[in-house]
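Visitor: Every number in my numbering is 13 more than the matching position in the sequence shown, counting from 1.
Where a beta carbon is used, it is the ideal one built from N, C-alpha and C, also for glycine.
Because the structure is a prediction, the values reported are computed rather than measured.
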Amino acid sequence: MSERFSRPAVIAPSILAADFSRLREEVQAVEAAGAGWLHLDVMDGHFVPNITFGPALVASLRPHCRLPFDVHLMIAPADPYLKAFADAGADHILVHPESGPHLHRSLQAIRALGKKPGVVLNPATPIEAVAWVMDLVDVVLVMGVNPGFGGQSFLDSQLPKIAALRQLIDASGRDTVIEVDGGITTATAPRVRAAGASVLVAGTAVFGAPDYAAAIAALSAGGA
Ligand code: DX5
Ligand code: ZN
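1) Would you report the Cα separation of Val61 and Pro160, rounded to the nearest angstrom?
2) Any idea what DSSP makes of Val143, helix, strand or coil?
3) Starting from the C-beta of Met14, find all residues in its chain whose C-beta is less than 7 Å away, skip the five residues before and the five after it, and write them out in chain order.
4) Distance check for Asp151 and Arg75, CA to CA, integer angstroms please.
5) Keeping to the same chain, check which residues put their C-beta closer than 6 Å to that of His117; ignore five residues upstream and five downstream.
6) Looking at C-beta atoms only, is the number of pairs between the stretch 223–237 and the stretch 197–212 that lie closer than 8 Å three or more?
7) Taking the alpha carbon of Val193 as the point to measure from, which residue in Asp183, Ala208, Gly67 has its own alpha carbon closest?
8) Can you look up Asp32 in the DSSP assignment and give me helix, strand or coil?
9) Can you find at least 3 beta carbon pairs, one from the stretch 42–61 and one from the stretch 211–224, that sit closer than 8 Å?
10) CB of Ser233 to nearest heavy atom of the ligand DX5: below 7 Å?
11) Please look up how many angstroms separate the CB atoms of Leu126 and Ala99, rounded, as I've assumed it's under 8 Å.
12) Is the closest heavy atom of the ligand ZN to the C-beta of Ser27 under 7 Å?
13) Considering only DSSP beta bridges, list what Ala25 is partnered with.
14) Assuming Ile191 is part of the beta strand (DSSP E), what are its boundary residues?
15) If we count Cβ pairs, one from each stretch, closer than 8 Å, do we get three or more for the stretch 78–90 versus the stretch 179–187?
16) Cβ of Gly171 within 8 Å of Cβ of Pro139?
17) Measuring only from the beta carbon, is Ser87 closer than 7 Å to any heavy atom that is part of the ligand DX5?
Right, dumping it as structure tokens:
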């Protein structure tokens with residue numbers, strides 16, 4: 014096994030599963046508990062059947078957390094809002110290819126804003142969706158569930174896709190990060206790691222746990 018698998022996974026708690034009435038404390042708690050990134054799920058009730066929050070909330074949390082803000086946009090169109098999320102303090106801005114007609118242009122716009130661009134692959138979206146834009150992609154986020162809700166079960170069909178993406182990235186010689194989102198538990202984390210992911214989004218598995226530090230340590234150790 015390569016060195017990649019001997020390193021602990023980076024855990025990115027999704028605030029979707031946090032107590033929204035105490036978001037500042039929740040965010041500070043997961044930072045203290047060993048989270049590597051903070052995952053922020055933005056939903057518009059149109060691209061996905063749920064509504065969460067927009068750039069104002071991202072901006073309000075920014076002063077209270079030092080973690081990289083990993084902003085997952087489940088909105089269509091996304092392009093008109095990229096600058097607002099960049100200004101709000103996003104570090105990574107992740108878009109779905111289905112959210113607009115010109116993925117390459119969206120990624121260029123994110124990079125021009127000085128942020129790390131990412132592409133999100135829905136369960137039915139093939140890895141070929143990113144193959145010809147890899148020069149503009151810092152993170153590929155593979156959905157383990159259909160986007161829109163936390164607490165769903167991981168789709169095993171995505172494991173060979175993660176492995177194929179790992180091969181694509183390794184063959185390209187790039188250090189693009191593979192992140193997986195949805196259905197991550199202590200049972201699925203090691204399998205996702207073994208397939209080649211290094212960053213795991215976890216909503217329910219962190220914010221639903223009694224001890225955030227123990228939960229993050231258990232998820233992170235899963236691929237060692
Ligand atoms: C789903 C979101 C996920 C979600 C994951 O649309 O993108 O980030 O919060 O939730 P869990 O970890 O509970 O599956
Ligand atoms: Zn997400």
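Guide: By the coordinates alone:
1) 7 Å
2) helix
3) Residue placement at Met14 is poorly supported in this model, since its pLDDT is 45, which falls under 50; the coordinates still yield a value, given next. None.
4) 21 Å
5) Val146
6) yes
7) Ala208
8) coil
9) yes
10) Answer for Ser233: no, Cβ out of range of the ligand DX5.
11) 4 Å
12) Closer than 7 Å to some heavy atom of the ligand ZN: that describes the Cβ of Ser27.
13) Checking the DSSP bridge columns, you'll see Ala25 partnered with Val214.
14) 190–194
15) no
16) A quick correction: the sequence has Gln, not Gly, at residue 171. It is not a contact, given that the beta carbons lie outside the stated cut-off.
17) Ser is not the amino acid found at residue 87; the sequence shown has Met there. Remark: the shortest separation between the CB of Met87 and any heavy atom of the ligand DX5 falls under 7 Å.
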